[in-house]
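K.L.:
Chains as they are written, first to last, in the numbering used here: chain S, 5 to 411; chain A, 40 to 209.
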């Protein structure tokens with residue numbers, strides 16, 4: 005259809021400019037990518053016509069490194085996978101190792117691992133939710149979430165000595181027992197704050213008109229597609245699929261815990277946000293129950309192949325000293341030819357470790373099934389045809405952790 | 040194997056016949072070894088299985104066995120590489136691994152027609168091991184730069200990496 009009046013030349017030029025496609029590089033060092041990743045966008049005006057992604061900026065070759073590190077050293081590799089919920093990675097790695105070695109972890113260690121995993125999960129969800137709000141343009145909730153994350157990191161530091169790279173698990177248990185006063189600190193300082201912050205987030209955002217307009221229906225994916233893309237974790241549950249490794253294949257102490265698996269309906273940014281909010285409440289419930297059932301006893305398996313001897317033996321007997329030396333210098337040896345896979349529910353979904361053992365103290369091959377990798381692969385599907393301003397909202401709600409993306 | 044896994048394997052055997060080479064259990068669970076050319080049929084049969092649909096392809100990965108007998112003294116494996124498909128049925132909470140062996144230079148059939156997650160997973164295997172996937176719509180390197188000449192997870196690639204001077208200069 006022709007315009008009723010002839011347009012001026014300036015107007016024609018402007019229209020031509022709009023019709024022209026523009027390439028926009030988003031990242032690899034953009035504050036809203038929350039990590040080093042690059043998104044190459046072809047824009048038509050403000051609409052995303054084509055989206056391509058490039059990852060690998062944080063690729064450190066962790067799987068190759070693992071072939072040269074002992075099973076206990078590799079916990080440091082797991083530290084660097086998802087650096088926002090490190091303790092869950094530690095558990096995932098050593099749970100796979102324990103399956104390989106055929107070791108049962110004592111009950112106190114499994115309960116402590118459960119508690120620390122859930123604290124790490126809450127910290128990770130806070131890292132997702134707060135910046136997600138900031139990217140949309142709401143700054144207030146960020147301070148609530150960041151304060152809670154700080155409390156969670158304080159607790160992790162209190163137990164493990166490190167805020168982020170905890171490296172606290174060992175083959176057969178934990179590096180140490182929790183210090184005295186841990187339970188009181190969690191119950192008095194942390195848990196009430198978790199419920200309070202979740203209520204604040206609910207009241208600040210769930211009925212906020214601007215937040216609803218920016219997130220409802222944005223970046224939605226159907227159940228079938230989400231499963232096909234290999235999604236797991238909160239992103240998949242937001243689509244309405246109640247798959248949670250903690251329930252489907254109970255590990256640690258999750259079999260004894262009473263908690264719900266929140267699911268969304270539409271699989272959009274809004275659902276992903278509030279599934280995470282509800283998951284934090286459930287994590288707090290799990291922590292409460294785990295403390296009420298926390299058994300006494302050792303935190304390391306009674307297995308001389310893998311666990312360090314008592315200090316009295318090391319200083320008092322030559323056998324104890326040799327034993328200590330062997331484990332520290334060479335590390336435990338896995339059975340030859342064994343292959344195992346074990347997975348835990350990471351903050352972003354199923355985090356699985358495959359280990360192939362050649363009978364030495366180092367894995368022959370280690371492979372990580374990282375949840376973020378599969379979640380991010382669906383990004384072009386989520387944002388193509390939508391506005392550029394939706395992209396930061398979607399990427400933040402997927403909780404893309406570059407360390408998990410690149411390995 | 041529990042009852043569910045047994046019945047899945049039985050149905051798979053009747054659908055694929057002699058293409059299944061072995062069924063065994065290890066630390067991963069049930070592993071079904073098939074011929075390389077039968078991988079698409081196996082994936083399709085498992086994905087459309089009536090009672091336990093394996094709708095989640097959690098992972099695709101490979102292992103380079105070229106140093107295996109040298110390091111362990113065990114008998115050499117059937118081929119240089121093995122591919123593993125990690126399948127999960129969300130509704131039946133059952134996991135199954137598909138294993139296929141291939142030689143260096145041999146191309147594997149792509150699983151992208153059946154699972155969207157195979158796209159990036161196969162790109163990783165291609166990048167890290169140099170295994171090609173025939174029928175993959177977009178087989179590019181995923182982590183390493185395009186002008187990088189090596190496949191880092193192959194056993195002959197040095198663990199300390201290659202000298203930066205070896206990189207092609209512009």
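Cβ coordinates follow ideal geometry from the N, Cα and C atoms, glycine included.
#1: What residues in the region 173 to 185 of chain A bring their beta carbon closer than 9 Å to a beta carbon of chain S?
#2: If we cut at 8 Å on Cβ distances, does residue 148 of chain A have a partner in chain S?
#3: Report the rounded CA-to-CA distance for residue 158 of chain S versus residue 174 of chain S, giving the unit in angstroms.
#4: Report the start-end ranges of each beta strand (DSSP E) in the region 68 to 113 of chain A that is 3 residues or longer and not cut off at the edges.
#5: Chain S beta carbons: is any one of them nearer than 8 Å to that of residue 65 of chain A?
#6: Should residue 28 of chain S be labelled buried (16 or more other beta-carbon atoms within 10 Å of its own) or exposed?
#7: Can you list, in chain order, the residues of the region 246 to 260 of chain S whose Cβ is nearer than 7 Å to any Cβ on chain A?
#8: I'd like to confirm the pairing. Which residues does DSSP put opposite residue 63 of chain A in its beta bridges?
#9: Could you check whether the Cβ of residue 103 of chain S sits closer than 8 Å to any Cβ belonging to chain A?
#10: With 7 Å as the limit, tell me which residues of the region 78 to 100 of chain A have their beta carbon closer than that to any beta carbon of chain S; keep them in chain order.
#11: Can you tell me whether DSSP reads residue 370 of chain S as helix, strand or coil?
#12: Quick one: list the residues of chain S neighbouring residue 198 of chain A, beta-carbon separation under 8 Å, in chain order.
#13: Beta-carbon of residue 125 of chain A versus every beta-carbon of chain S: anything under 8 Å?
#14: As an exercise, report each continuous beta strand (DSSP E) stretch of at least 3 residues that is fully enclosed by the region 256 to 287 of chain S, in chain order.
#15: Kindly indicate the opening and closing residues of the beta strand (DSSP E) around residue 109 of chain S.
#16: May I have the straight-line CA-CA distance separating residue 374 of chain S from residue 320 of chain S, to the nearest angstrom?
#17: With 16 other CB atoms within 10 Å as the buried threshold, where does residue 241 of chain S fall?
#18: Which residue wins for smallest C-alpha separation from residue 131 of chain A, given the options A:54, A:88, A:185, A:104?
#19: Considering residue 157 of chain S, what are the terminal residues of the alpha helix (DSSP H) in which it resides?
#20: Tell me the rounded alpha-carbon separation between residue 187 of chain A and residue 198 of chain A.
#21: Figure out for me which residue from S:43, S:48, S:229 has the closest Cα to the Cα of residue 153 of chain A.
#22: Listing by chain order, which chain A residues have their CB less than 7 Å from the CB of residue 307 of chain S?
#23: Could you tell me which chain S residues have their CB closer than 7 Å to the CB of residue 102 of chain A, listed as they occur along the chain?
#24: Of the residues S:407, S:403, S:389, which one's Cα is nearest the Cα of residue 54 of chain S?
#25: Residues in its own chain within less than 8 Å of residue 25 of chain S by CB, not counting five upstream and five downstream?
#26: Taking only beta-carbon positions, decide if residue 272 of chain S is within less than 8 Å of chain A.
#27: If you reduce the DSSP assignment to three classes, tell me which class residue 24 of chain S lands in.
#28: What's the call for residue 8 of chain S, buried or exposed, on a 16-neighbour Cβ count within 10 Å?
#29: Using 8 Å as the Cβ pair cut-off and three pairs as the minimum, do the region 150 to 157 of chain S and the region 213 to 229 of chain S touch?
#30: Note down, in chain order, each residue of its chain lying with its Cβ closer than 6 Å to the Cβ of residue 369 of chain S, except the 5 sequence neighbours on either side.
#31: Assign residue 54 of chain S to one of three DSSP states: helix, strand, or coil.
#32: What is the DSSP secondary structure of residue 235 of chain S, reduced to helix, strand or coil?
#33: Check whether the region 90 to 109 of chain S and the region 291 to 311 of chain S touch, using three or more Cβ-Cβ pairs below 8 Å as the test.
#34: Between the C-alpha atoms of residue 61 of chain S and residue 284 of chain S, what's the straight-line distance to the nearest angstrom?
#35: My output table needs one value for residue 7 of chain S: the three-state DSSP class, helix, strand or coil.
#36: Rounding to the nearest angstrom, what Cα-Cα distance links residue 201 of chain A and residue 382 of chain S in this structure?
P.N.:
This is what the structure holds:
#1: Listed by position, the residues of the region 173 to 185 of chain A near chain S (Cβ gap below 9 Å) are 180, 181, 182, 183, 184.
#2: Looking up residue 148 of chain A in the second chain gives position 109. Not one chain S Cβ lies under 8 Å of residue 148 of chain A.
#3: Against the first chain, residue 158 of chain S aligns to sequence position 154. Against the first chain, residue 174 of chain S aligns to sequence position 170. Straight-line Cα distance between these residues: approximately 22 Å.
#4: Here the runs fully enclosed are 68 to 73, 95 to 103.
#5: Here residue 65 of chain A corresponds to residue number 26 of the second chain, with the count starting at 1. It does; some Cβ of chain S falls within 8 Å.
#6: Translated into positions along the first chain, residue 28 of chain S becomes position 24. Burial call: exposed.
#7: 247, 252, 253
#8: Numbered from 1 along the second chain, position 24 holds the residue referred to as residue 63 of chain A. Per DSSP, A:70.
#9: The residue you call residue 103 of chain S lines up with position 99 of the first chain. Yes, residue 103 of chain S lies at the interface with chain A (some Cβ there is under 8 Å from its Cβ).
#10: 94, 95, 96, 97, 98, 100
#11: Walking along the first chain from the start, residue 370 of chain S turns up at place 366. DSSP places residue 370 of chain S in strand when its eight states are reduced to three.
#12: In the second chain, the residue the question calls residue 198 of chain A occupies position 159. Chain S residues near residue 198 of chain A: 68, 69, 71, 72.
#13: For the purposes of this step, residue 125 of chain A is taken as the residue at position 86 of the second chain. Answer yes: the Cβ-Cβ gap between residue 125 of chain A and chain S drops below 8 Å somewhere.
#14: none
#15: What you label residue 109 of chain S is simply residue 105 of the first chain in a count that begins at 1. Premise fails: residue 109 of chain S is in no beta strand (DSSP E) and is neither H nor E.
#16: As a position in the first chain, residue 374 of chain S is number 370, starting the count at 1. As a position in the first chain, residue 320 of chain S is number 316, starting the count at 1. Taking the straight line from one Cα to the other gives about 45 Å.
#17: Locating residue 241 of chain S in the first chain gives position 237, counting from the first residue. Per the 10 Å Cβ criterion, buried.
#18: Translated into positions along the second chain, residue 131 of chain A becomes position 92. Residue 131 of chain A has its Cα closest to that of A:88, out of A:54, A:88, A:185, A:104.
#19: Here residue 157 of chain S corresponds to residue number 153 of the first chain, with the count starting at 1. Boundaries of the alpha helix (DSSP H) around residue 157 of chain S: 144 to 164.
#20: Numbered from 1 along the second chain, position 148 holds the residue referred to as residue 187 of chain A. Numbered from 1 along the second chain, position 159 holds the residue referred to as residue 198 of chain A. Rounded to whole angstroms, residue 187 of chain A to residue 198 of chain A spans 16 Å at the Cα level.
#21: Here residue 153 of chain A corresponds to residue number 114 of the second chain, with the count starting at 1. Cα-wise, what sits closest to residue 153 of chain A is S:229.
#22: Mapped onto the first chain, residue 307 of chain S falls at position 303. Going along chain A, no residue has its Cβ under 7 Å from residue 307 of chain S, so there is no contact; the nearest lies around 17 Å.
#23: Counted from its first residue, the second chain places residue 102 of chain A at position 63. By Cβ distance, chain S contributes 360, 369.
#24: Within the first chain, the letter at position 50 stands for residue 54 of chain S. For residue 54 of chain S, the nearest C-alpha among the options comes from S:389.
#25: One-based indexing of the first chain puts residue 25 of chain S at position 21. 46, 47, 48, 53, listed in sequence order.
#26: Here residue 272 of chain S is taken as the residue at index 268 of the first chain, counted from 1. No - not a single Cβ of chain A is within 8 Å of the one on residue 272 of chain S.
#27: As a position in the first chain, residue 24 of chain S is number 20, starting the count at 1. Correct three-state label for residue 24 of chain S: coil.
#28: For the purposes of this step, residue 8 of chain S is taken as the residue at position 4 of the first chain. Because the pLDDT of residue 8 of chain S is 48, which lies under 50, any placement of that residue in the model is unreliable, and the number read from its coordinates should be weighed accordingly. Classification for residue 8 of chain S: exposed.
#29: no
#30: The residue labelled residue 369 of chain S in the question sits at position 365 within the first chain. Here the set comprises 360.
#31: Taking the first residue of the first chain as 1, we reach residue 54 of chain S at position 50. Looking at residue 54 of chain S - three-state DSSP - the assignment turns out to be strand.
#32: Within the first chain, the letter at position 231 stands for residue 235 of chain S. Residue state, collapsed to three classes: coil.
#33: yes
#34: Within the first chain, residue 61 of chain S is the residue found at index 57, counting from 1. Within the first chain, residue 284 of chain S is the residue found at index 280, counting from 1. The straight-line gap from Cα to Cα measures roughly 31 Å.
#35: In the first chain, residue 7 of chain S corresponds to position 3, counting from 1. Unreliable positioning characterises residue 7 of chain S in this predicted model, as indicated by a pLDDT of 47, which lies under 50. A coordinate reading is not provided.
#36: On the second chain, position 162 is the one that residue 201 of chain A refers to. On the first chain, position 378 is the one that residue 382 of chain S refers to. Approximately 33 Å, taken between the alpha carbons.
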